[in-house]
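For what it's worth, the numbering used here labels the leading residue of the sequence shown as 1, then goes sequentially. A virtual CB, placed ideally from N, CA and C, is assigned to each residue, including glycine.
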Amino acid sequence: LTWAELEVNPQQLSASLYSSQTADVNLAISNPGGTANLQYQIYFTTAPTASRSAETSRKLPADQTPGTRPFRPEVLPEPDRTEGWAGYADPADAYWITTATAERAVKFYLEDFGLFATGVTISKLRHYFYNDSNNPWGSDTTYRFRIYAANGSTVLYTSPILTAIDWPTVNEHVLTAPINVTDDFWVAVVPVATSGKPNSVGVDYSYGCSFYGSAGSWTQMDFELLTFAYIQGSEWASASQYSGTVVPGGTQNINIHFDSAGLPAGTKNAYLHIYNNSNYIAPSPPPSLRGDVMVIPVSLQVTIPTEPTAVLNTNTWTTSTNVGTPSSSGDLFQLTNVGPGTLTVTSATGLTGTAFSTNFNTGISLGQNQSHNFGFTFNPGTGGLHTATYSIVTNGGTKNITLKGYANYILESFEGATFPPDGWIAIDNDADGYNWFSFTVENTAHTGTKSAASASYLNGVGPLTPDNWLITPRLAITSGDELAYWIAAQDAAWPQEHYSVKISTTTSQLSAFTTTLFSETLVDDIWIQRTLSLNDYAGQNVYIAFVHHNCTDWFYLKLDDVLMPPLAAPLVFGSITGRVRFFGTDNHIQSATVSVAGRQAVTNEEGLYTIENIVADTYQLTASATGCVTVNEQVIIPANDILYHNVYMNWRQAFTPQTIFNVNATQGQ
């Protein structure tokens with residue numbers, strides 16, 4: 001028995017905007033305890049209405065009625081997935097054809113196709129006909145399209161006379177001039193002949209949207225006609241995707257976009273419906289909307305200012321540079337007056353005595369919908385983390401901007417030719433032969449072309465149980481310092497990589513990492529930035545380890561753009577050399593592998609190994625050879641010097657358990 005579960009966060013979606021502003025809200029759809037994939041489809045409806053969606057509403061069975069005949073198409077039209085076409089039926093479900101019906105129409109409810117702010121533009125129409133061999137059209141092949149207003153009687157558009165094309169070809173008409181509607185509308189097919197021909201095609205279910213009759217006098221059919229309208233309009237709420245699959249334990253993030261353009265002041269309300277295959281964990285919908293669906297309330301508060309009102313496009317800036325090298329944001333920031341009247345600046349403060357400066361013009365006067373672009377420069381005189389809050393006081397409100405600058409920090413993007421980078425250490429602690437590596441597949445890094453990666457599954461190998469450590473050089477921590485990095489899983493369908501960030505205040509030996517700063521299990525493949533405070537370690541030198549562990553059978557964990565405090569000392573290098581011998585002898589071991597600080601050397605016929613260009617520090621040396629017990633020793637690499645260090649190895653012990661042999665033989669054998 002398998003099942004899926006559905007959980008959403010947040011359980012209601014809302015935004016508050018001034019007129020003509022936009023905002024984005026993330027909706028996380030999760031399958032927290034399921035054992036099967038969660039499949040879902042979503043759509044919006046306005047708050048007062050029930051669903052009529054052609055994709056997800058309950059289909060009412062259609063009965064044969066006067067003026068219809070069953071239709072069994074041998075050929076289906078090619079599916080058309082072009083966005084913008086609205087309708088209540090699928091040509092693949094064709095079942096009925098009309099016979100004696102003269103004018104027939106479909107009522108389109110705008111709320112069924114989107115949360116349109118100011119109505120829609122109709123530019124094209126489609127319909128399907130069928131020439132029944134038992135009752136052929138003869139010469140009655142012409143018709144008109146007609147569009148009615150919501151009342152079903154006011155004519156908004158009438159097409160020229162058109163000639164019907166037989167099934168399975170779609171009959172498409174481009175309006176002579178697109179029309180705009182702000183409410184529901186009807187699309188009718190009007191045969192020129194009184195015979196009711198050419199005959200239209202319908203499906204075997206109904207949403208209550210198809211009718212026959214004439215303007216102002218309509219009778220509902222028991223099926224839906226294959227009539228479509230191409231509509232376009234601005235939606236005050238929309239989603240970045242409308243369907244998807246979530247693996248057990250996984251999450252998908254959907255961007256809900258709010259747009260207040262053209263809306264009057266007040267609150268717009270709607271519901272987001274999530275049809276799914278789960279036993280769902282849902283917020284409480286109104287009783288009228290209960291069903292096999294999760295329902296999320298959606299609201300947008302629109303304010304139309306009556307006086308000058310200041311709006312900022314963004315309110316933070318973070319940068320990194322070295323002392324003596326300025327960093328500029330460019331004109332990233334925009335201050336806009338969204339209200340009537342003139343916006344003026346009373347004061348702009350917060351940068352005195354900081355490493356930040358600005359080109360903001362305090363003398364501006366902005367009329368309604370006018371903007372001023374400006375930016376900041378970070379020019380630190382000392383290393384470390386610098387912060388400031390820039391406060392702009394206007395007659396239309398106060399706006400604060402948070403500034404953060406890292407001075408003399410190290411940004412490691414793993415773009416170099418050597419991996420791990422100089423001073424970093426990669427340790428395969430589970431000894432399965434798979435470690436952190438340079439991941440170079442196109443379009444997989446956060447920035448550049450490379451990232452660091454560790455696998456919990458390898459194609460061609462199978463599941464792994466990683467315990468892989470990627471350790472920074474020794475860092476000097478001062479008050480307020482932080483560690484920032486970007487992390488992601490490679491595969492959205494297999495995202496649950498687990499990792500920890502650990503810290504050592506002594507050495508880079510694994511046993512020294514006794515404190516965990518942060519741990520998490522990823523839920524998707526989206527790059528996210530994590531920022532960790534190192535303030536508790538001010539005045540100390542530390543190592544930081546990224547550990548991929550406690551997971552299996554997913555795919556890759558990726559790490560990129562690690563921003564960290566400066567090194568504890570200038571980067572100096574040393575080397576190590578020596579011979580590998582059998583313990584207690586002078587016999588050399590050829591082809592032994594010696595590893596220090598993520599670098600390896602293989603001994604020659606004289607047992608000699610040499611590893612150069614190692615950052616001076618304390619490391620674990622590992623030596624392995626066929627038939628020998630692996631050796632782990634601590635070595636101290638001297639600065640600008642060579643460490644001579646011989647390694648002595650023992651043979652592995654062979655052990656044969658006591659064995660009893662029973663032999664039966666006759667005399668003489």
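Worksheet item: How do the segment 255 to 275 and the segment 7 to 26 stand: do at least 3 beta-carbon pairs fall below 8 angstroms, yes or no?
Response: yes
Practice prompt. Take residue 3 and list the residues in its own chain whose beta-carbon comes closer than 8 angstroms to its own, dropping the five residues that flank it on each side.
Written response: Position 3 of the sequence shown, counted from the first residue, corresponds to residue 3. The residues are 34, 35, 36, 278 and 279.
Worksheet entry | beta strand (DSSP E) runs wholly inside the segment 271 to 340, at least 3 long, in chain order | 293 to 303, 310 to 312, 316 to 321 and 333 to 337
Worksheet item: Helix or strand or just coil, what does DSSP make of residue 535?
Response: Your numbering for residue 535 matches position 535 in the sequence shown. In the structure shown, residue 535 sits in a helix (DSSP, three-state: H, G or I).
Discussion item. The beta strand (DSSP E) that contains residue 649, what's its start and end?
Written reply: The residue you call residue 649 lines up with position 649 of the sequence shown. Counting along the chain, the beta strand (DSSP E) containing residue 649 begins and ends at 647 to 649.
Practice prompt. State the Cα-Cα distance for the pair residue 167 and residue 102, rounded to the nearest angstrom.
Written response: Counting from one through the sequence shown, the residue named residue 167 turns up at place 167. Counting from one through the sequence shown, the residue named residue 102 turns up at place 102. When rounded, the distance between both Cα atoms is 19 angstroms.
Worksheet item: Does DSSP put residue 178 in a helix, a strand or coil?
Response: Here the question's residue 178 lines up with position 178 in the sequence shown. Strand at residue 178.
Practice prompt. Check the DSSP bridge columns for residue 634 and list the partner residues they point to.
Written response: Translated into positions along the sequence shown, residue 634 becomes position 634. Paired residues: 620.
Worksheet item: Which word fits residue 673, buried or exposed, when buried means at least 16 other C-beta atoms lie within 10 angstroms of its C-beta?
Response: Nothing can be reported for residue 673, as the shown portion of the chain is limited to 1 through 669.
Practice prompt. Using beta-carbon positions only, say whether residue 497 and residue 456 come within less than 9 angstroms of one another.
Written response: The residue you call residue 497 lines up with position 497 of the sequence shown. The residue you call residue 456 lines up with position 456 of the sequence shown. Cβ distance < 9 angstroms, so residue 497 and residue 456 count as in contact.
Fill in: Where residue 358 falls, given that 16 or more other Cβ within 10 Å makes a residue buried
Along the sequence shown, read from residue 1 onward, the residue named residue 358 stands at position 358. By the neighbour-count rule (16 or more Cβ atoms within 10 Å), residue 358 is buried.
Worksheet item: For residue 110, which three-state DSSP category applies?
Response: One-based indexing of the sequence shown puts residue 110 at position 110. Helix, per DSSP.
Worksheet item: Does DSSP classify residue 522 as helix, strand or coil?
Response: For the purposes of this step, residue 522 is taken as the residue at position 522 of the sequence shown. Coil at residue 522, not helix or strand.
Worksheet entry | Range of the contiguous beta strand (DSSP E) that encloses residue 385 | Here residue 385 refers to the residue found at position 385 when the sequence shown is read from its first residue. Run containing residue 385: 384 to 394, per the beta strand (DSSP E) assignment.
Worksheet item: Helix or strand or just coil, what does DSSP make of residue 511?
Response: Against the sequence shown, residue 511 aligns to sequence position 511. Of the three classes helix, strand and coil, the one that applies to residue 511 here is helix, per DSSP.
Discussion item. On the DSSP bridge list, what partners appear for residue 564?
Written reply: As a first step, residue 564 must be located in the sequence shown, where it is residue number 564. Residue 564 pairs with 410.
Worksheet item: Going by alpha carbons, who is nearest to residue 425 out of 537, 173 and 474?
Response: Position 425 of the sequence shown, counted from the start, is the residue given in the question as residue 425. Answer by Cα proximity: 474.
Discussion item. Rounding to the nearest angstrom, what Cα-Cα distance links residue 28 and residue 253 in this structure?
Written reply: Looking up residue 28 in the sequence shown gives position 28. Looking up residue 253 in the sequence shown gives position 253. Cα-Cα distance, rounded: 5 angstroms.
Worksheet item: Looking only at its own chain, which residues have a Cβ that is under 7 angstroms from the Cβ of residue 644, when we skip the five neighbours before and after it?
Response: In the sequence shown, the residue the question calls residue 644 occupies position 644. Within the same chain, residue 644 has close Cβ partners 577 and 578.
Discussion item. Determine, for residue 531, whether the minimum Cβ-Cβ distance to residues of chain C falls below 9 angstroms.
Written reply: Protein chains in the displayed structure number just one, and chain C is not present.
Worksheet item: Are three or more beta carbon pairs between the segment 136 to 143 and the segment 195 to 203 nearer than 8 angstroms?
Response: yes
Practice prompt. Buried or exposed for residue 528, please, with buried defined as at least 16 other CB atoms from any protein chain shown within 10 angstroms of its CB.
Written response: Looking up residue 528 in the sequence shown gives position 528. Counting Cβ neighbours within 10 Å, residue 528 comes out exposed, since fewer than 16 surround it.
Worksheet entry | Close-in-space but distant-in-sequence residues of the same chain around residue 535 (CB under 7 angstroms, 5 per side omitted) | Looking up residue 535 in the sequence shown gives position 535. Within the same chain, residue 535 has close Cβ partners 479, 480 and 481.
Practice prompt. Tell me, please, which residues DSSP counts as bridged to residue 670.
Written response: Outside the shown range of the chain (1 to 669) lies residue 670, about which nothing can therefore be said.
Worksheet item: Excluding the five sequence neighbours on either side, which residues of its own chain have a C-beta within less than 8 angstroms of the C-beta of residue 583, listed in chain order?
Response: In the sequence shown, counting from the first residue as 1, residue 583 sits at position 583. If we look at residue 583 and ignore the five residues flanking it on each side, its Cβ neighbours are 648, 649 and 650.
Worksheet item: How would you write the range of the beta strand (DSSP E) that residue 474 sits in, first residue to last?
Response: By 1-based counting over the sequence shown, the position of residue 474 is 474. Counting along the chain, residue 474 falls outside any beta strand (DSSP E), and DSSP gives it neither H nor E.
Worksheet item: Between the segment 151 to 170 and the segment 108 to 116, do at least 3 Cβ pairs fall closer than 8 angstroms?
Response: no
Worksheet item: Should residue 266 go down as buried or exposed, given a rule of 16 or more other Cβ atoms within 10 Å for buried?
Response: Counted from its first residue, the sequence shown places residue 266 at position 266. So residue 266 counts as exposed.
Item to complete: Measure from the alpha carbon of residue 220 to the alpha carbon of each residue in 229, 209, 228 and 230, then state which is nearest.
Response: Numbered from 1 along the sequence shown, position 220 holds the residue referred to as residue 220. Of the listed residues, the one whose Cα sits closest to residue 220 is 209.
Worksheet entry | Three-state class that DSSP yields for residue 741 in the structure shown | Here the chain has residues from 1 to 669 only, and residue 741 is not among them.
Fill in: For residue 19, the three-state DSSP class (helix, strand or coil)
For this step, residue 19 is matched to residue 19 along the sequence shown. Coil, per DSSP.
Worksheet item: At a cut of 8 angstroms, does the segment 374 to 382 reach the segment 331 to 341 through at least three beta carbon pairs?
Response: yes
Worksheet entry | Three-state secondary structure assigned by DSSP to residue 28 | Position 28 of the sequence shown, counted from the start, is the residue given in the question as residue 28. Reduced to three states, the DSSP call for residue 28 is strand.
Practice prompt. Look at residue 125 and residue 143 and say whether their C-beta atoms are less than 9 angstroms apart.
Written response: Position 125 of the sequence shown, counted from the first residue, corresponds to residue 125. Position 143 of the sequence shown, counted from the first residue, corresponds to residue 143. No, they are not a contact pair.
Worksheet item: How many whole angstroms separate the CB atoms of residue 215 and residue 183, which I take to be in contact at a CB cut-off of 8 angstroms?
Response: Here residue 215 refers to the residue found at position 215 of the sequence shown. Here residue 183 refers to the residue found at position 183 of the sequence shown. 17 angstroms between Cβ atoms; not a contact.
Practice prompt. Tell me where the beta strand (DSSP E) around residue 590 begins and ends.
Written response: Indexing the sequence shown from 1 puts residue 590 at position 590. Residue 590 -> no beta strand (DSSP E), and no H or E assigned at all.
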